[in-house]
Amino acid sequence: MEAHILFAGDLDQGILYVSQVFLEAAMEEGWRAVRVSSSEQDGVIQCQVVISDDALARLQRAQPDVALLASCKAADLLEYSVKPDGLLIMNASQVRRPARRHDVDVVFAPTEPEDGDKEPVLASAILLGALIALTGWVSLDRVSRILQKSCKDEAICWAFRRGAAYVESIGRIADAQSNAVGVWH
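39 is the number of the first residue of the sequence shown in our numbering; add one for each residue after it.
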């Protein structure tokens, strides 16, 4: 398995930080992983990470399988970059429009601060939690440990757990709905 993950958002949203946390967690879990590119365009920072369970065949930028889009500008610029049947994880607090893609799975993760903290990096940490919970490519505990070690900011660790909990809650809702539908058939 090989996956290309695009991380993108505004310059102040900690995109490089969350991509580095993901990269470190993937390597600790035995993936071959590398950041193949990073750039800034129109105020949007973006980087792509590749993970593979085998030797990394392509070290160039490729069409991503998954995109974590933390800002409206990033969504407008990069929503169409994801492969068909891929996954978009978007910041529901900033991308206040429906997804334009209908050939990918889309998750709008809520990132509104619950305690009034407007730190933009917290939104990216929430989206990282959603990414980990949705893909299962690395363990939530490993990422939590790396976050605690690297930043010492409990708010970022809390935001990460909040993103994962959101995905788990929508999974339970989907399971409950599918069970209810099953009763009707």
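No residue lacks a Cβ here, since even glycine has one placed at the ideal position from N, Cα and C.
Under DSSP, the beta-bridge partners assigned to Phe-146 are Met-128. The beta carbon of Val-133 sits closer than 8 Å to the beta carbons of Leu-107, Ser-109, Cys-110, Ala-113 and Phe-146 from its chain, once the five residues preceding and following it are set aside; these are given in chain order.
Distance from the Cα of Leu-49 is smallest, within the candidate group Leu-61, Glu-40 and Asp-80, for Asp-80. Contact annotation: Ala-203 and Ile-164 have beta-carbon atoms that are not nearer than 7 Å. The alpha carbon of Ser-162 has as its nearest neighbour, out of Met-39, Glu-117 and Val-59, the alpha carbon of Val-59.
The DSSP-derived three-state label of Asp-123 is coil.
Per DSSP, Gly-68 lies in no beta strand (DSSP E) segment and is marked neither H nor E. Residue pairing for Ala-203: DSSP places it in no beta bridge. Rounded to whole angstroms, Leu-115 and Asp-143 show a C-alpha spacing of 18 Å.
Counting along the chain, Ser-188 sits inside the alpha helix (DSSP H) bounded by residues 178-189. Between the alpha carbons of Gly-124 and Lys-187 lies a distance of about 31 Å. In the structure shown, Gly-209 falls within a helical segment according to DSSP collapsed to helix, strand and coil. Contact between Val-120 and Pro-102 is confirmed by a C-beta separation of about 5 Å, below the 8 Å threshold.
Looking at the backbone, the Cα of Val-74 and that of Arg-138 are separated by about 27 Å. Remark: C-beta atoms of Ser-131 and Glu-150 approach each other more closely than 7 Å.
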